[in-house]
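Working notes, beginning with the structure itself.
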Amino acid sequence: MPWMVKLGGSLGSLNVLGDWLKALRNIPVVIVPGGGIFADAVRSAQAQWHFDDRLAHRMAILAMRQYALMLSGIESNLTLASTETLLNNKAQDQRARCWLPDPDELQGPYVEASWRVTSDSLAVWLAQRLGAKDLLLVKSISLLERRKTADALIQDGIIDPAVPDFLENLTLNMWLSGPDDHDQLVEKLARPDRHFCRVER
55 MPWMVKLGGS LGSLNVLGDW LKALRNIPVV IVPGGGIFAD AVRSAQAQWH
105 FDDRLAHRMA ILAMRQYALM LSGIESNLTL ASTETLLNNK AQDQRARCWL
155 PDPDELQGPY VEASWRVTSD SLAVWLAQRL GAKDLLLVKS ISLLERRKTA
205 DALIQDGIID PAVPDFLENL TLNMWLSGPD DHDQLVEKLA RPDRHFCRVE
255 R
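Using my numbering, the first residue of the sequence shown is number 55, and each one after it goes up by one.
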């Protein structure tokens, strides 16, 4: 699988989210949903009721599922899939598929149950499981740089602190784009070095 695209939760408040889905729907990619307002609701509830991070982690994964369902409501041609087999379905190679993450699958020592791990890190985790070569994180801010280190992006609050841990020992190419990079997306995915910011280790 050549490409995975993570649509950040912050895009949920922008009209360009629909433009991204239209651009992606007929490209053979796997879309990873952010958490968006649904994950924000989990944070607010935890701050008020003080339940532990393990439960908040499960709820945040369910927030990603809600975001994925919303994406399928916006773009009816989007295929939802919860298993690696369905995500890798060769019969649907000309259509985008959107991951429905399972909280039970994302438990255990390999996925830390804390807010250090967000949908950014889970996108890297899934990319490794599916054998993806490239991962594009679509953010609501634009980056002028063509290269930036993961540590610098963490310091700027653009990616989560656990991303370098998940990237360790992977050959995955990781890229960032801004909200307005959906035009001529096929051409941009063919030459990402010209259009996106490469995340360096």
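Where is the CB? At the ideal position from N, CA and C, for every residue including glycine.
Note that this is a predicted model, so its numbers are computed, not measured.
Considering only the beta carbon of each residue, do residue i and residue j sit closer than 8 angstroms?
{"i": "residue 85", "j": "residue 240", "result": "no"}
{"i": "residue 142", "j": "residue 188", "result": "no"}
{"i": "residue 220", "j": "residue 178", "result": "yes"}
{"i": "residue 70", "j": "residue 246", "result": "no"}
{"i": "residue 230", "j": "residue 250", "result": "yes"}
{"i": "residue 90", "j": "residue 63", "result": "yes"}
{"i": "residue 126", "j": "residue 134", "result": "yes"}
{"i": "residue 167", "j": "residue 119", "result": "no"}
Considering just the uninterrupted stretch of the beta strand (DSSP E) at residue i, what are its terminal residues?
{"i": "residue 219", "result": "Taken as a continuous stretch (DSSP letters only), residue 219 belongs to no beta strand (DSSP E), being part of the alpha helix (DSSP H) at 217 to 221."}
{"i": "residue 201", "result": "201 to 203"}
{"i": "residue 196", "result": "Neither: residue 196 is in no beta strand (DSSP E) and is coded neither H nor E."}
Please name the residue, chosen from the options, that lies closest to residue i on a Cα-to-Cα basis.
{"i": "residue 56", "options": "67, 150, 97", "result": "150"}
{"i": "residue 181", "options": "205, 155, 167", "result": "155"}
{"i": "residue 139", "options": "185, 122, 132, 131", "result": "185"}
{"i": "residue 152", "options": "75, 67, 96", "result": "75"}
{"i": "residue 136", "options": "122, 64, 218, 225", "result": "122"}
{"i": "residue 88", "options": "209, 100, 175, 129", "result": "175"}
{"i": "residue 205", "options": "93, 255, 65", "result": "255"}
{"i": "residue 222", "options": "238, 235, 236, 164", "result": "164"}
{"i": "residue 256", "options": "66, 218, 201", "result": "Because the chain spans 55 through 255 in this model, residue 256 falls outside it and cannot be assessed."}
What first and last residue would you give for the alpha helix (DSSP H) that runs through residue i?
{"i": "residue 226", "result": "Counting along the chain, residue 226 falls outside any alpha helix (DSSP H), and DSSP gives it neither H nor E."}
{"i": "residue 248", "result": "246 to 249"}
{"i": "residue 91", "result": "90 to 103"}
Please decide whether residue i counts as near chain D, where near means a Cβ-Cβ distance under 8 angstroms.
{"i": "residue 123", "result": "Structure shown: chain D not included; a single protein chain is present."}
*Fully enclosed by the region 106 to 192, which beta strand (DSSP E) runs are 3 residues long or longer?*
133 to 135, 151 to 153, 188 to 192
_Within the region 57 to 85, ranges of the alpha helix (DSSP H) (whole runs, at least 4 residues)_ = 70 to 78
_Using 8 angstroms as the cut-off, can you tell me whether the region 169 to 186 makes contact with the region 207 to 217, which would need three or more C-beta pairs spanning the two stretches below that distance?_
yes
*asked:* If contact is defined by three or more beta carbon pairs under 8 angstroms, each pair taking one atom from either stretch, is the region 58 to 65 in contact with the region 187 to 202?
replied: yes
*Any contact of the region 157 to 168 with the region 197 to 207, i.e. 3+ C-beta pairs under 8 angstroms?*
no
*Do three or more CB pairs link the region 70 to 81 to the region 100 to 118 at distances below 8 angstroms?*
no
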